[in-house]
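A short write-up of the structure that comes next.
Numbering (our numbering), first residue to last: 1 to 140.
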């Protein structure tokens, strides 16, 4: 019998702690679906989600991050138009000058009031949940 399971991914909401108001980093995707996204990617076989989050941050934005906490898991079957994925979302901190790399065409540093509208996947929902948590302590 063949099983079809969701594919595990990670997303990392990275606050830059060496800047005023702790802005976050978003990447502009090089590959479809196009638009802005939270840095992240697929978990490799034999890799923990924590290790995948640190690796993806290094690969996509060339930044060493410190994972602060596991925020939430998002698993709506249609969250990724390519296939059924589930994302373990982490909150992290970083310092320095991030650089777009790997499948990031560009990156932006955004305060909550500057977040672009053309977000990929369900990242608009994730960021709304994050902002509610950051400002009011309410978890999704």
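Ideal Cβ placement from N, Cα and C applies to all residues, glycine included.
Looking at the DSSP output, residue 106 sits in a beta bridge with 28.
Here the alpha carbons of residue 110 and residue 50 stand approximately 24 Å from one another.
In this structure, residue 60 lies near residue 27, with their beta-carbon atoms less than 8 Å apart. For the pair residue 83 and residue 7, the Cα-to-Cα distance works out to about 8 Å. Secondary structure note for residue 114: it is in no beta strand (DSSP E), with a DSSP letter that is neither H nor E. Taking residue 78 as reference, the option from 121, 5, 108, 125 with the minimal CA-CA separation is 121.
A contact is defined here as three or more CB-CB pairs under 8 Å, and the stretch 3 to 18 meets this definition with respect to the stretch 85 to 93.
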